[in-house]
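Residue numbers (UniProt numbering): 1 to 546.
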Amino acid sequence: MKTNPFVSLLLFLKYPLSFMVLSAILEGLCGLLLLPIIIYWDQDASQYLWMLAGLTLITLVFQYIATLKGFLAGTTVMKILVQALIRHLPRSLTPPPQAHTLCSGAAMSAMSIPAHLLAPVISVVVTPLTVIIGLLFYNIIFALIFIVAALLLVAVMRISAKGLYRQEVTLQTAESVVAKTLADFAQHQVLLRKSGRNTLFSQQLQQDLLDQHQQQVQLLQRSLPYHLIFSLCIQVIFIAVLVIGVVNVDINTLTLTQWLAVVVLIARFIEPLFQLSHIDQALRQSKQSLTLIKNTLDAPSLQSPKQSGTPKSNDIRCEQLEVNNSLGALILSNITVLCPDKKMTAIVGSSGAGKTTLLHVLARLRDADKGQIYYGDKRVNDLSESVLAQTRQIVFQHNQLIRGTLRWSLLQDDNSTVSDNDILHLLNALNLSVTQTDLDEDVGDQGDRYSGGQKQRLCLARSLLADPKILFLDEPTASLDIVSREKVVRYLEGLTSTRVVITHDPDIAKHADHVIVLDNGKVIAEGSPNTLLSSSTWFLNFCGSL
């Protein structure tokens, strides 16, 4: 059964929350003890002083434990949310547009909640509430005044939240744009300088930073009146209590010491409230981060059984597939094809014909809306994630290497039995000049030590080293020079696994064992290259460009 990470968070946070609530209650009780101390100061108030001293020490201990547990809880919140995202994102049917910033942005923001926000929020709410409850036993009029004051402040905060929400969302969008632009600017420095676009990109980055700064200034300008109104309300409440106290002292319904005790208590009541408007704004921003993560985790994902058998053969068969886009329009319609076992199948067609969508469905990166796909005798939806991963590998058109040594990035297994000689032999066959020393070198961020063509071949080698029974490739020669392209094509041609290749390269299509021609989401021709050269005008024109 899938565990909700937010339920796990609440279960974990119950202990830090308990200490935070207890410390806030104790803080309120310390404030209430000031009443008898001031009232009975001229008499014997020593017992109350000792009680206050003891309670203060206990409060400090609880506050220390609560703060420590809050900081420790922050790292656990980060861990739980990041692990949930790592588990979910590869299976997500609708990857969020900000997936690359979720772990570094939203999850980091969520981490600060138990460390920096929970304790102040609980203190601001629970301590005044404790004071109000205590006042009910002392002077119900003042208690009612405090209740009305609290309700008034909450109303002001809600009005403030509604007034600032749109500006906060705009600022968050501007920050996301700056983060992406800055990452692109840092990541592609070599390419930008080589193409002479470094100045233009720098100007774009400066403009995005300026937009973010302007949005930040606008938010500060719009929030200032709300903060001032909030502070004014607190001052009005304080003045009202002072006036009511003076009147009651004047008519002898309240002694001077009692009034002084209430004044001290309300000062203690108001002190944390000054933080409330700023905390409220921080909470709204944290709520946006949590909402972003929650919406991501709630998005539909691929479902697979925990265990399954392996296919007895590795032919790929699909029957009457239909795939719709997010608007409900057909991308693929009534697709029934066969990719023969241990053969190379080329999927060709004009741009927008649905080739990549078909590849993604066949590799189960997404599910079709209708129809079935089989690997041998097994329905692909009935394969467990581990069996599916062991059965097929995918080489995307735009590839990235995971940071680490080249050896580790290719094998991704410290216990692999593949030798360095095997790695070097494969890389040489793909026209990559790599030495034994290079295997110990770091590949850089996303493999940026290497050019686009080199990364494409390294990612192909990574998939081949996994020894898959089925290999899916999306434009494997798109970034290669003529010599490298020929070597890659010949190597793919000599493999004995089932290969499914999307290509705009006629040479690959002519050397394939089987060809599927797509047009506007439908199969318009299928068969061997020789058969299609005589039966398909589209394929004949396509190969005529060779």
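Heads up, the beta-carbon is just placed ideally off N, CA and C, and yes, glycines get one too.
Cut-off 6 Å between Cβ atoms - residues of its own chain near residue i, not counting five sequence neighbours on either side
i, result
"residue 248", "254"
"residue 313", "341, 376"
"residue 134", "32"
"residue 334", "320"
"residue 24", "122, 123, 126, 127"
"residue 142", "135, 262"
"residue 11", "none"
For residue i, the residue or residues it bridges with in DSSP
i, result
"residue 92", "301"
"residue 375", "316, 378"
"residue 522", "519"
"residue 344", "499"
"residue 455", "Residue 455 pairs with nothing; no bridge assigned."
"residue 370", "322"
"residue 442", "405"
"residue 335", "321"
"residue 472", "394, 500"
"residue 33", "None, per the DSSP bridge assignment."
"residue 349", "518"
"residue 527", "515"
"residue 330", "324"
When the options are compared against residue i, the one with the closest alpha-carbon
i, options, result
"residue 76", "13, 54, 443", "13"
"residue 494", "421, 343, 44, 16", "343"
"residue 462", "480, 435, 413, 354", "413"
"residue 520", "234, 217, 322", "322"
"residue 477", "470, 328, 491, 360", "491"
"residue 398", "453, 369, 370", "453"
"residue 470", "513, 363, 430, 484", "363"
"residue 42", "258, 372, 236, 63", "258"
"residue 508", "80, 347, 382", "347"
"residue 153", "299, 487, 378, 233", "233"
"residue 475", "504, 290, 389", "504"
"residue 547", "80, 391, 235", "Residue 547 lies beyond the stretch modelled for the chain, which goes from 1 to 546, so this question has no answer here."
"residue 459", "432, 131, 68", "432"
"residue 131", "117, 52, 35, 61", "35"
"residue 325", "497, 368, 15", "368"
"residue 16", "69, 315, 78, 225", "69"
"residue 92", "142, 501, 302", "302"
"residue 58", "44, 74, 29", "29"
"residue 40", "243, 207, 261, 26", "261"
"residue 117", "214, 66, 500, 479", "66"
"residue 423", "391, 392, 393, 457", "457"
"residue 544", "318, 522, 506", "506"
"residue 240", "27, 53, 512, 148", "148"
"residue 27", "38, 52, 71, 355", "52"
Cut-off 8 Å between Cβ atoms - residues of its own chain near residue i, not counting five sequence neighbours on either side
i, result
"residue 535", "525, 527"
"residue 384", "304, 305, 306, 307, 308"
"residue 85", "102, 103, 107, 293, 296, 297"
"residue 194", "Residue placement at residue 194 cannot be trusted, given a pLDDT of 47 that sits under 50; the coordinates are not used to answer."
Rounded straight-line distance, which links the Cα of residue j to that of residue i
i, j, result
"residue 230", "residue 146", "15 Å"
"residue 119", "residue 49", "27 Å"
"residue 529", "residue 331", "25 Å"
"residue 136", "residue 238", "18 Å"
"residue 156", "residue 410", "58 Å"
"residue 387", "residue 310", "6 Å"
"residue 402", "residue 434", "18 Å"
"residue 46", "residue 121", "33 Å"
"residue 267", "residue 400", "59 Å"
"residue 533", "residue 516", "12 Å"
"residue 439", "residue 473", "24 Å"
"residue 352", "residue 115", "49 Å"
"residue 537", "residue 358", "22 Å"
"residue 487", "residue 426", "11 Å"
"residue 151", "residue 279", "17 Å"
"residue 548", "residue 449", "With the chain covering only 1 through 546, there is no way to say anything about residue 548."
"residue 264", "residue 129", "16 Å"
"residue 191", "residue 299", "For residue 191, the predicted model reports a pLDDT of 48, less than 50, meaning its position is unreliable and no value from the coordinates is stated."
"residue 127", "residue 210", "42 Å"
"residue 395", "residue 421", "23 Å"
"residue 291", "residue 109", "12 Å"
"residue 63", "residue 113", "17 Å"
"residue 468", "residue 497", "7 Å"
"residue 345", "residue 483", "22 Å"
Proximity test, residue i beta-carbon vs the ligand SAH heavy atom, cut-off 7 Å
i, result
"residue 319", "The model on display carries no ligand, and the ligand SAH is accordingly not part of it."
7 Å CB neighbourhood of residue i in its chain, flanking five on each side removed
i, result
"residue 540", "533"
"residue 418", "411, 465"
(request) Would you check if there are 3 or more beta carbon pairs closer than 8 Å linking the stretch 336 to 350 to the stretch 285 to 292? (result) no
(message) I'd like to know if the stretch 428 to 448 and the stretch 399 to 410 are in contact, where contact means that at least 3 CB-CB pairs between them fall below 8 Å.
(response) yes
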